[in-house]
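Contents: one structure, followed by commentary.
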Amino acid sequence: DCDNFQLQEICLGLCSETCKWANISWMRGTHCSLRVPPVEEEDQTMLIVLASVGGAIFLAICLVGCRTFMQIRRKAKEEAEVRRMSRMMN
85 DCDNFQLQEI
95 CLGLCSETCK
105 WANISWMRGT
115 HCSLRVPPVE
125 EEDQTMLIVL
135 ASVGGAIFLA
145 ICLVGCRTFM
155 QIRRKAKEEA
165 EVRRMSRMMN
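Using the numbering used here, the first residue of the sequence shown is number 85, and each one after it goes up by one.
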């Protein structure tokens, strides 16, 4: 008699058609839930979105920083050239 099995594994193995764990609608009484519940996966969507947005912002900051540094360096070279030319004229 399959109704008297107390272990989920034995019931599913020997009486898979009539086992109370085989169909959720049949699970009643002391055997209402699975003995080994399925592992719930954590939703990582928000973490992935935040990491992507953070990476894009970091990349934009790096690009702006590099462009600013290049402009400052170019101006410094031009000023140095002007100073050098003025020294040669004197």
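We put the CB at the ideal spot given by N, CA and C, even for glycine.
Helix, strand or coil at residue i according to DSSP, with G and I counted as helix
i: V148; result: helix
i: V123; result: coil
i: Q128; result: coil
beta-carbon residue i near the ligand FMN non-hydrogen atom, thresh 7 Å
i: G138; result: Within the structure as shown, the ligand FMN is missing, as the structure has no ligands at all.
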